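Peer 1: With this note's numbering applied, the sequence shown corresponds to residues 10 to 138, in that order. We put the beta carbon where it would ideally sit given N, CA and C, even for glycine. Being a predicted model, the structure only gives us computed values, none of them experimental.
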Amino acid sequence: MAKSLRSKWKRKMRAEKRKKNAPKELARLKQALSRDKKADTIMGDMEEIVTVVTADKIKKQTEVDMVEVDSKDVTEGKMDTDSKRNKKSMLDDNGQYPVWMNQRQAKKLKSKRMAKKTGQAKKKKGIAW
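#1: What residue range does the alpha helix (DSSP H) around GLN112 cover?
#2: Do LYS116 and ASP102 count as a contact pair if the criterion is CB distance below 7 Å?
#3: Using 7 Å as the threshold, is the C-beta distance between ARG122 and SER98 below it?
#4: DSSP three-state label for ILE58, please.
#5: What is the rounded straight-line gap between the Cα of TRP18 and the Cα of LYS12?
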């Protein structure tokens, strides 16, 4: 694939563009590296004023803090769950379905509940074959 004249021309032009932009790109890379060396000298000056902490020390400190929090109180980090909801019918104590449940699911559960009460299920609409 990609043997048409148009694709060959585009490939050729991209190659020429790379040749043309190569010196600029090299200059940018060298400039970025020189900035990095300057940053090291600035960082050295900064160490006299500010205490520099490595990422490893911070990670260790957060791990220690997390262990302390876990040991203090386990219930504090627990998620609030809806424990007053019936697991089978998904109804809460007010007879409401959960917010995330769509109307079709609620209707289906209601029909199951009513069928259990009356003893027979309501027939579905549609074509009977």
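Peer 2: On the basis of the data shown:
#1: What you label residue 112 is simply residue 103 of the sequence shown in a count that begins at 1. It spans 112-127 - the alpha helix (DSSP H) in which GLN112 sits, taken as one unbroken run.
#2: Indexing the sequence shown from 1 puts residue 102 at position 93. Indexing the sequence shown from 1 puts residue 116 at position 107. In this structure, LYS116 does not lie closer than 7 Å to ASP102 by Cβ.
#3: For this step, residue 122 is matched to residue 113 along the sequence shown. For this step, residue 98 is matched to residue 89 along the sequence shown. Yes. Within cutoff.
#4: Counted from its first residue, the sequence shown places residue 58 at position 49. In this structure, ILE58 counts as helix in the three-state DSSP scheme.
#5: Within the sequence shown, residue 18 is the residue found at index 9, counting from 1. Within the sequence shown, residue 12 is the residue found at index 3, counting from 1. Using only the alpha carbons, I get a separation of about 10 Å.
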